[in-house]
Amino acid sequence: MIPLNNQRVGICGIGHRALSTYLPFFKSEVATSKGYELVAVADTNPDQLTKAHLDMSDLLLFESFEEMLSVVPLDYVILASPDHVHYEHILLALAKVKHVICEKPMVIHSAQAHQVLLELNHSPSSLIVTHNLRYLSLNSTIKSLLNQRKIGQVTVVQFSYHLLPGHGASYYRRWHRYMQNSGGFAVTKSCHHFDLINWWIEDRPAAVSGYSHRNYYMPDLYVEGKPSTTIPKDAELDDTWVASIQYTKGALAMYVLHTYSTFEGFHLMISGTKGNLEVKYDKNSTSNYQITFNYLDGRREMIEVQRESGRHSGADQQMLEHLFNMNADDRRCSALDAAYAVAIGDAINRSSSQGTIVQIRDVFPSLV
Ligand SMILES: NC(=O)c1ccc[n+]([C@@H]2O[C@H](COP(=O)([O-])OP(=O)(O)OC[C@H]3O[C@@H](n4cnc5c(N)ncnc54)[C@H](O)[C@@H]3O)[C@@H](O)[C@H]2O)c1
221 MIPLNNQRVG ICGIGHRALS TYLPFFKSEV ATSKGYELVA VADTNPDQLT
271 KAHLDMSDLL LFESFEEMLS VVPLDYVILA SPDHVHYEHI LLALAKVKHV
321 ICEKPMVIHS AQAHQVLLEL NHSPSSLIVT HNLRYLSLNS TIKSLLNQRK
371 IGQVTVVQFS YHLLPGHGAS YYRRWHRYMQ NSGGFAVTKS CHHFDLINWW
421 IEDRPAAVSG YSHRNYYMPD LYVEGKPSTT IPKDAELDDT WVASIQYTKG
471 ALAMYVLHTY STFEGFHLMI SGTKGNLEVK YDKNSTSNYQ ITFNYLDGRR
521 EMIEVQRESG RHSGADQQML EHLFNMNADD RRCSALDAAY AVAIGDAINR
571 SSSQGTIVQI RDVFPSLV
């Protein structure tokens with residue numbers, strides 16, 4: 221449960237995400253009016269602490285998360301460090317009885333996710349994962365339309381996500397490029413998409429198979445971006461992913477990740493016992509969204525959804541306002557939900573490398 225007012229917050233990891241999303245939020249009236257105060261930040265890189273200090277001069281600065289936890293009486297910690305650091309820091313924060321808000325992916329593989337869930341079972345603290353795509357107006361509308369059973373019982377989800385080359389290449393240039401840091405695209409990026417599918421259809425994955433290849437981002441390929449450089453030789457990531465997921469209530473999902481595509485966003489078709497819905501989300505368009513319903517009785521219906529402005533098409537602002545609001549919200553992502561998103565990505569990695577179908581009950585023995 222999110223407790224009431226006057227909560228002291230600390231952030232671990234003052235990089236791109238924290239500086240672009242969390243610090244501006246804590247300077248805003250929305251945060252202060254709800255009684256949330258950012259009091260301390262930790263980062264192993266002193267240059268990043270300097271940037272935070274320039275932005276908010278009252279902050280207490282620490283080069284160690286553990287030290288920040290020991291010295292400052294915090295109620296909440298936000299983990300915005302690289303993916304592979306989350307696991308250790310979640311366990312440290314729970315041991316010190318702090319509420320945790322963790323960036324996606326919660327952790328980088330299923331064994332870690334399982335252990336976090338076990339720790340939470342006997343902890344008074346809460347853990348929320350910031351799967352912000354749930355808060356995109358388009359995605360929450362799809363959720364409520366599915367809840368109205370407009371297409372009946374969901375049977376098949378076809379979801380393909382697309383990244384422009386400049387964005388895809390950024391994963392090869394930063395810490396993500398080592399599997400041990402990010403779990404590869406299937407975890408660090410696709411966890412967003414698996415969480416969306418699981419949430420939309422309100423089901424848990426039962427079995428996963430996947431394939432991946434590296435076709436495009438070869439060493440020394442020059443790609444425009446920030447910075448515009450070649451792809452480092454030591455990058456370990458595959459760039460092309462296909463997976464199929466069987467759900468516990470019987471629905472099936474087909475998933476494709478294109479990391480060198482002609483647009484940013486997704487193509488989605490969800491089929492059910494009464495018809496299907498189709499939508500294309502183009503992150504860089506300015507038009508409102510159109511969801512098309514095709515019914516088995518021949519009817520067709522178009523529903524327009526207002527496009528919001530802001531980071532991640534308005535999703536970040538919506539998420540922050542709801543996270544730091546006292547009202548319950550069905551968009552909030554629990555540790556269990558986040559664990560299943562990681563489990564699918566990890567299962568795809570395993571299936572792809574071992575040529576097997578991965579049963580989720582084998583990776584989460586005490587849950588499924
Ligand atoms: N939800 C979203 O849309 C979204 C978008 C971007 C990033 N993210 C997630 O946010 C997290 C941060 O990503 P980023 O792009 O800001 O990365 P980043 O590399 O820009 O920032 C990470 C920061 O963590 C610091 N750090 C590294 N190890 C640390 C440690 N042991 N203790 C304390 N600080 C440490 C680094 O010095 C760096 O300043 C990742 O988990 C990423 O997947 C989410």
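Under my numbering, the first residue of the sequence shown is numbered 221, with each subsequent residue one higher.
The C-beta atom is built at its ideal place from N, Cα and C for all residues, glycine as well.
The model shown is predicted, which means the values in this text are computed figures rather than measured ones.
Q: With a threshold of 8 Å, establish whether the CB of Ile-321 neighbours any heavy atom of ligand 1.
A: Position 101 of the sequence shown, counting from 1, holds the residue named residue 321. Not under cutoff, so the answer is no.
Exercise for review: Would you please state the rounded distance, in angstroms, between the beta carbons of Thr-264 and Asp-536? I believe it to be under 8 Å.
Suggested key: What you label residue 264 is simply residue 44 of the sequence shown in a count that begins at 1. What you label residue 536 is simply residue 316 of the sequence shown in a count that begins at 1. At roughly 25 Å, the Cβ-Cβ gap does not stay under 8 Å, so Thr-264 and Asp-536 are not in contact.
- Cβ distance (whole Å) where Tyr-355 is taken to contact Phe-544 below 8 Å: Locating residue 355 in the sequence shown gives position 135, where the first residue counts as 1. Locating residue 544 in the sequence shown gives position 324, where the first residue counts as 1. 13 Å between Cβ atoms; not a contact.
- Query: What number of angstroms, rounded off, separates the C-alpha of Lys-271 from the C-alpha of Arg-570?
  - Reply: By 1-based counting over the sequence shown, the position of residue 271 is 51. By 1-based counting over the sequence shown, the position of residue 570 is 350. In a straight line, the C-alpha of Lys-271 is about 39 Å away from that of Arg-570.
query = Hey, is the segment 335-343 in contact with the segment 505-524, meaning 3+ C-beta pairs nearer than 8 Å?
reply = no
| task | Kindly indicate which three-state DSSP category Lys-271 falls into: helix, strand or coil? | result | In the sequence shown, residue 271 corresponds to position 51, counting from 1. It is helical.
Along the chain, where does the alpha helix (DSSP H) that runs through Trp-395 open and close?
If you number the sequence shown from 1, residue 395 lands on position 175. Looking at the DSSP string, Trp-395 is not in any alpha helix (DSSP H), and its letter there is neither H nor E.
- Query: Would you call the segment 370-386 and the segment 398-418 touching, i.e. three or more CB-CB distances under 8 Å?
  - Reply: A contact between stretches requires three or more CB pairs, one per stretch, nearer than 8 Å, and the segment 370-386 meets this requirement with the segment 398-418.
_Spatial distance of Ser-533 from His-351 (CA atoms)_ = In the sequence shown, residue 533 corresponds to position 313, counting from 1. In the sequence shown, residue 351 corresponds to position 131, counting from 1. Rounded to whole angstroms, Ser-533 to His-351 spans 14 Å at the Cα level.
- Message: Given the structure, does Gly-534 come close to ligand 1, in the sense that its CB is under 8 Å from one of the ligand's heavy atoms?
- Response: Here residue 534 is taken as the residue at index 314 of the sequence shown, counted from 1. Gly-534 Cβ: outside cutoff for every heavy atom of ligand 1.
Comparing the C-beta of Gly-386 with each C-beta of chain C, is any distance below 9 Å? No chain C appears in this structure, which consists of one protein chain only.
TODO: Using the Cα positions of Val-476 and Ala-427, report the straight-line distance between them to the nearest angstrom.
DONE: In the sequence shown, counting from the first residue as 1, residue 476 sits at position 256. In the sequence shown, counting from the first residue as 1, residue 427 sits at position 207. For Val-476 and Ala-427, the distance between alpha carbons rounds to 17 Å.
Answer yes or no: the CB of Phe-285 versus the heavy atoms of ligand 1, is any distance below 8 Å? In the sequence shown, residue 285 corresponds to position 65, counting from 1. Yes, the beta carbon of Phe-285 sits closer than 8 Å to at least one heavy atom of ligand 1.
Taking the Cβ atom as the reference point for each residue, do Asp-557 and His-329 lie within a distance shorter than 9 Å? For this step, residue 557 is matched to residue 337 along the sequence shown. For this step, residue 329 is matched to residue 109 along the sequence shown. Taking 9 Å as the Cβ cut-off, Asp-557 and His-329 do not qualify as a contacting pair.
* Could you check the C-alpha separation between Glu-484 and Ala-473 for me, to the nearest Å? => Residue 484 sits at position 264 when you count from the first residue of the sequence shown. Residue 473 sits at position 253 when you count from the first residue of the sequence shown. Going by the C-alpha atoms only, they are around 21 Å apart.
Quiz item: Taking C-alpha atoms, which residue in Gly-388, Tyr-515, Leu-353 and Gly-530 lies nearest to Lys-446?
Solution: For the purposes of this step, residue 446 is taken as residue 226 along the sequence shown, with counting starting at 1. It is Gly-388 whose Cα lies nearest to the Cα of Lys-446.
query: Expressed to the nearest angstrom, what Euclidean distance is found between the alpha-carbon atoms of Leu-239 and Ile-231?
result: Mapped onto the sequence shown, residue 239 falls at position 19. Mapped onto the sequence shown, residue 231 falls at position 11. Using only the alpha carbons, I get a separation of about 10 Å.
Check your understanding: What did DSSP end up calling Phe-584 once you bin it into helix, strand or coil?
Key -> Here residue 584 is taken as the residue at index 364 of the sequence shown, counted from 1. Correct three-state label for Phe-584: coil.
In angstroms with no decimal places, state the Cα-to-Cα distance between Glu-286 and Leu-312. As a first step, residue 286 must be located in the sequence shown, where it is residue number 66. As a first step, residue 312 must be located in the sequence shown, where it is residue number 92. For Glu-286 and Leu-312, the distance between alpha carbons rounds to 7 Å.
For Glu-524 and Gln-510, I'd like the C-alpha separation in whole angstroms.
By one-based count along the sequence shown, residue 524 stands at place 304. By one-based count along the sequence shown, residue 510 stands at place 290. Near 5 Å, if we compare the C-alpha coordinates of Gln-510 and Glu-524.
For the putative contact between Asp-458 and His-433, defined by C-beta atoms under 8 Å, what is the C-beta separation to the nearest angstrom?
Your numbering for residue 458 matches position 238 in the sequence shown. Your numbering for residue 433 matches position 213 in the sequence shown. Right, the Cβ-Cβ distance comes to about 6 Å (below 8 Å), so this counts as a contact.
Practice problem: Taking 9 Å as the cut-off, decide whether the C-beta atoms of Ala-406 and Ile-580 are in contact. | Solution: Against the sequence shown, residue 406 aligns to sequence position 186. Against the sequence shown, residue 580 aligns to sequence position 360. Their beta carbons are not under 9 Å apart, which means Ala-406 does not touch Ile-580 by this criterion.
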